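Take the position in the sequence shown, starting the count at 1, then add 30; the result is the number in the working numbering. Glycine included, each C-beta is placed from N, C-alpha and C at the ideal position. Predicted model, so just to flag it, every value in this text is computed and none were measured. Take a look at the structure below.
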Amino acid sequence: MGNSIAASSAPALLGDTHNPCFKWKVHNFSNLLQRGEVSVNSAPFFYSGYKWFLQLTPLTKSYSAKPCVALSLGITRGSLGLEPGSVMAVVFELSIYNHSDHVHWGSKATFNFDDEHINSKKECLIPLKELLVSTDFLADDCCVFGVDILKIDALFPEKEEIAIQKAATIQSLFIQNDNFIKLTCSVTINNFLEMSMMKFVCSRFELDGQKVLVYPRGNQYSNNCLSLYLHLDGSEKLPHKYGKLVELTLSILDQKHGKHFIRKCPGLVVFAGKSHWGWSDFIPLETFMNPERGYLVESCCIIKAEITIFGSSDACRLMA
Numbered sequence: 031m032g033n034s035i036a037a038s039s040a041p042a043l044l045g046d047t048h049n050p051c052f053k054w055k056v057h058n059f060s061n062l063l064q065r066g067e068v069s070v071n072s073a074p075f076f077y078s079g080y081k082w083f084l085q086l087t088p089l090t091k092s093y094s095a096k097p098c099v100a101l102s103l104g105i106t107r108g109s110l111g112l113e114p115g116s117v118m119a120v121v122f123e124l125s126i127y128n129h130s131d132h133v134h135w136g137s138k139a140t141f142n143f144d145d146e147h148i149n150s151k152k153e154c155l156i157p158l159k160e161l162l163v164s165t166d167f168l169a170d171d172c173c174v175f176g177v178d179i180l181k182i183d184a185l186f187p188e189k190e191e192i193a194i195q196k197a198a199t200i201q202s203l204f205i206q207n208d209n210f211i212k213l214t215c216s217v218t219i220n221n222f223l224e225m226s227m228m229k230f231v232c233s234r235f236e237l238d239g240q241k242v243l244v245y246p247r248g249n250q251y252s253n254n255c256l257s258l259y260l261h262l263d264g265s266e267k268l269p270h271k272y273g274k275l276v277e278l279t280l281s282i283l284d285q286k287h288g289k290h291f292i293r294k295c296p297g298l299v300v301f302a303g304k305s306h307w308g309w310s311d312f313i314p315l316e317t318f319m320n321p322e323r324g325y326l327v328e329s330c331c332i333i334k335a336e337i338t339i340f341g342s343s344d345a346c347r348l349m350a
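Written out as structure tokens, the structure reads:
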């Protein structure tokens with residue numbers, strides 16, 4: 031996901047031409063700040079045939095000249111045609127809404143997305159100190175962020191410029207202060223070496239309809255690693271437009287030494303609809319299959335999923 035900051039001038043008034051294709055209302059913003067520099071991803075939104083998301087990060091001086099609130103644009107890998115080797119140049123504007131003047135402040139950026147770079151550079155939208163002392167951008171503990179995608183060019187393979195659709199959507203995120211829900215579940219695969227399929231779906235966890243997806247030989251983005259994802263299969267228990275803001279950890283047990291090989295999502299993500307999060311390169315196959323390491327013992331491996339729910343989100347709805 032990267033921590034690089036775009037070297038650009040201070041965000042400016044974007045004017046009447048800025049018309050966000052996606053607005054993201056973050057309620058209880060102060061609760062996010064209590065978690066430090068952790069980033070948070072919006073639920074995905076569809077635009078011009080692709081599936082995007084925004085990533086919000088409160089940054090300290092270790093990443094920028096002064097503490098600020100930063101935003102970046104991301105695209106989901108592979109699900110909507112961003113195939114390995116393809117490059118897509120996108121011109122866009124990231125913004126924060128001024129509640130008092132009813133205008134957007136932000137900056138314009140260009141980024142080349144490919145299967146290895148699915149997040150643009152972070153754009154500092156406003157100094158954190160200025161945000162906290164003003165009701166212009168933080169009203170009733172709510173910030174409104176936005177993105178306007180202006181141009182999409184497929185550079186490789188070369189295609190005609192992609193037409194920009196006009197429909198715009200809005201999404202709301204609610205961050206809890208306490209009463210976090212922690213869920214843990216494990217699944218044992220007893221016949222890993224006999225699995226010949228590209229993808230294996232573990233039996234459903236007792237985590238509101240979530241499953242673990244295992245790619246024994248890696249997926250299209252990594253053929254020398256075991257790929258591992260947690261997948262929300264549309265959840266029959268929850269309304270279609272409901273999402274959960276979670277912190278995700280996946281691990282594989284070292285059965286010989288009682289330890290786990292752990293990968294933790296670096297930020298908070300929203301599970302909504304049929305979505306999944308995980309790693310194409312979860313663990314190198316050479317490491318996973320090494321008999322001295324204990325992750326695979328006589329064709330048996332044990333996978334553990336842990337999620338902590340920090341809030342909720344409604345999914346995208348059309349803006350009036």
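Handout entry: 8 Å Cβ cutoff met for Val177 and Phe59
Key = By 1-based counting over the sequence shown, the position of residue 177 is 147. By 1-based counting over the sequence shown, the position of residue 59 is 29. Not closer than 8 Å, so no.
Handout entry: Proximity to Val120 [Cα-Cα], best of His129, His147, Phe222, Ile332
Key = Here the question's residue 120 lines up with position 90 in the sequence shown. Answer by Cα proximity: His147.
Problem - Sufficient close CB pairs (3 or more, under 8 Å) joining the stretch 100-109 to the stretch 69-84 - result: Contact check between the stretch 100-109 and the stretch 69-84: three or more CB pairs, one atom from each, fall below 8 Å, which counts as touching.
Handout entry: Where Ser265 sits in the DSSP three-state scheme
Key = Along the sequence shown, one-based indexing puts residue 265 at 235. Because the pLDDT of Ser265 is 49, which lies under 50, any placement of that residue in the model is unreliable, and the question is left without a value.
Handout entry: Whole alpha helix (DSSP H) elements within the stretch 39-80, 4-residue minimum
Key = 59-63
Handout entry: C-beta atoms of Gly340 and Ile205 nearer than 8 Å
Key = Sequence index remark: in the sequence shown, residue 340 carries index 310 (1-based). Sequence index remark: in the sequence shown, residue 205 carries index 175 (1-based). Checking the sequence, you will find Phe at residue 340 rather than Gly. Taking 8 Å as the Cβ cut-off, Phe340 and Ile205 qualify as a contacting pair.
Problem - Distance, Ser150 Cα to Gly79 Cα - result: In the sequence shown, the residue the question calls residue 79 occupies position 49. In the sequence shown, the residue the question calls residue 150 occupies position 120. About 19 Å.
Practice task
Have a look at Leu298 and Gly288 and give me their C-alpha separation to the nearest angstrom.
Solution key: Stepping through the sequence shown from its first residue, residue 298 is reached at position 268. Stepping through the sequence shown from its first residue, residue 288 is reached at position 258. Spanning the two alpha carbons is a distance of roughly 28 Å.
Problem - Inter-residue CB distance, Cys215 and Ala335 (contact presumed, cutoff 8 Å) - result: Indexing the sequence shown from 1 puts residue 215 at position 185. Indexing the sequence shown from 1 puts residue 335 at position 305. Sure, about 6 Å apart at Cβ, within 8 Å.
Practice task
For the alpha helix (DSSP H) holding Phe318, just list the boundary residues, first then last.
Solution key: Along the sequence shown, read from residue 1 onward, the residue named residue 318 stands at position 288. Residues 315-318.
Exercise for the section: Evaluate contact between the stretch 304-318 and the stretch 253-260, counting only Cβ atoms and requiring at least three cross-stretch pairs below 8 Å. Expected result: Segments in contact, yes.
Exercise for the section: Whole angstroms is fine: what's the gap from Met225's alpha carbon to Pro246's? Expected result: Position 195 of the sequence shown, counted from the first residue, corresponds to residue 225. Position 216 of the sequence shown, counted from the first residue, corresponds to residue 246. Distance between the alpha carbons of Met225 and Pro246 is about 7 Å.
Exercise for the section: Please go through the stretch 106-194 and give each complete beta strand (DSSP E) segment of 3 or more residues, from N-terminal end onward. Expected result: 117-128, 133-144, 153-157, 172-186
Practice task
Give the secondary structure of Phe210 by DSSP, where H, G and I count as helix, E and B as strand, and everything else as coil.
Solution key: Translated into the one-based positions of the sequence shown, residue 210 becomes position 180. Note: Phe210 maps to coil in three-state DSSP.
Exercise for the section: Identify, in the order they occur along the chain, each residue of the same chain with its Cβ nearer than 7 Å to the Cβ of Leu161, setting aside the five sequence neighbours on each side. Expected result: Indexing the sequence shown from 1 puts residue 161 at position 131. Closer than 7 Å at the Cβ level, and outside the excluded window around Leu161, lie Val99, Phe167, Leu168.
Practice task
Rounded to whole angstroms, what's the CA-CA distance from Lys274 to Ile126? Just pull it up for me.
Solution key: As a working mapping, residue 274 is identified with position 244 in the sequence shown. As a working mapping, residue 126 is identified with position 96 in the sequence shown. Each residue's alpha carbon lies about 23 Å from the other.
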